Every structure is written in C-alpha cells, then in structure tokens.
Amino acid sequence: MEFKFLDVFSRSLSLELPKYETMYEYLDFIIPLVRPWGEDIDEMEYYSQEGGKPWMEIREDESFHDVILHFFNEGGEYLRSVNGNMTKGKWRILEQSNKIIIEAGNVSELYELSYLDGVFFILRKHGDHHTNPKRKYFTLGDERVMTDLIWRDYVEALYNTYRNKAVLFRTLVYAAMIFVVAIILFAIFY
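Quick look at the structure:
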C-alpha cells in the first residue's frame, strides 16, 4: 500500500462549499464557521464611518432588482435608500448584548449580530423564524464589493472568508506538527 501524504494533505486543505437550496440554509451552515473571525456590534468602525458607509442589501429572491443601501451613521442616524428614494430612521446598540434596534418609519426591529467584518454585515432578526424563514437574516455587504453580485456569489464570498482562514490555520498546524516530528526524530537518531 502506497502512502500518499501529499494527496491526503491537499484534500485536507480543500474545503468545498456543500450544496444547499436557499441562501438561509447556506448562512446557517457558514455563519458558525466564520463567527470566530468576526467583530462585535460595538466595534462600530466596521459598519459606521464618517460620511456614511453604504451597505448593500442582498436578498435571495431572484426577481428582486432594487438597489437598497443602508447607512448606519454616527450619532445613531439610520438611512435607507431604495433606488435613490431615502427613508430616515435611527439605530442603537443594546449594550453588552450584540443586539441592535433599527427604526425606520413606524417600524422598529430587533436584530442580533450574526457576523461582521469590513465586507459582510449579517444580522439575525430576533424571534421565531418558522413563521417567516425568509426574514431570518438581514444580509448586507459593502457596496464597493457587492455591486452586481447575486446571493449565491455573496454566500460563496462569505465562505471564502472561512476557507482562506481555515487553510492558513491548517497549514500552520501541519507545519508545527512536521516541526515537532522533526525535532523528535532528530532527538532519537542523534
């Protein structure tokens, strides 16, 4: 029997994204994988900046063609642009809970942070999602990166966040293991 170390090693670095039917199934799978590398909701520099950071809304609906931008400005100002038509509101963080309240018009919604970095901002709506699973996640992406992407591209890009960090981590672990084995072999034979 031939030992194929390089095949085993390269297979362990290949992290293919499993196939799912919906964006929400993909997010349920990916979010626990990327969460360790995400930021907390009180790290506002990732989603709020002077002059506004445009977050593009991503939806699963293939017939959805509106361009919806969300701005979480300093001082709690919330702006939503739907094809250029603006709505003003407010946002605020619930201290030490990783939750945010977004108010626009006569509607106030409570969300919990699922994942945040400089490109992805994913909030999970608080409550029971069995009645309306399509509103489970509020998925946003940095407009500069997400323009012209569909939801499948979004989940693939999010999974690449995990894939890139996991491959680096595994490579470092394998390198450390090889180093330890080399030291042990050196100690035994010399």
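Residue numbers for the sequence shown follow this note's numbering, beginning at 66 and rising by one. We put the CB at the ideal spot given by N, CA and C, even for glycine. Bear in mind that the values here come from a model prediction, so they are computed numbers and not experimental data.
- DSSP, read as helix, strand or coil, puts Tyr-112 in coil.
- Scanning its chain for C-beta atoms nearer than 6 Å, with the 5 sequence neighbours on each side dropped, one finds around Thr-226 the residues Val-99, in chain order.
- In the structure shown, Thr-87 adopts coil according to DSSP, grouped into three states.
- Excluding sequence positions up to five before and after Met-211, its CB lies within less than 6 Å of the CB of Met-121, all in the same chain and listed in chain order.
- Taking 8 Å as the cut-off, the beta carbon of Ile-187 is found closer than this to the beta carbon of Tyr-202.
- Every unbroken stretch of the beta strand (DSSP E) spanning 3 or more residues and falling wholly within the region 165 to 239 is given here in chain order: 172 to 181, 185 to 190, 202 to 207.
- Shortest Cα-Cα distance from Pro-101 to any of Arg-228, Ala-241, Asp-131, Glu-81 involves Arg-228.
- DSSP, reduced to helix, strand and coil, places Val-132 outside both helices and strands of the structure shown, so it counts as coil.
- Ile-158 and Ile-243 have their C-alpha atoms some 46 Å from each other.
- Here the alpha carbons of Ala-240 and Ile-165 stand approximately 41 Å from one another.
- Each residue's CA atom was taken as its position, placing Arg-124 and Pro-97 some 20 Å apart.
- Of the candidates Tyr-219, His-130, Tyr-89, His-130 places its Cα closest to the Cα of Asn-148.
- Annotation: Ile-106 is outside any beta strand (DSSP E) and is labelled neither H nor E by DSSP.
- Boundaries of the beta strand (DSSP E) harbouring Tyr-143: 142 to 147, taken from the DSSP string.
- Each of Ile-249, Arg-217, Asp-105 was checked against the Cα of Glu-127, and the nearest Cα belongs to Arg-217.
- In the three-state scheme derived from DSSP, where H, G and I count as helix and E and B as strand, Arg-157 is classed as strand.
- CA-to-CA, the gap between Gly-140 and Arg-209 works out to about 24 Å.
- Ranked by Cα distance from Gln-114, the first of Gly-103, Gly-183, Tyr-219, Lys-84 is Gly-183.
- Per DSSP, the unbroken beta strand (DSSP E) holding Glu-122 starts and ends at 120 to 123.
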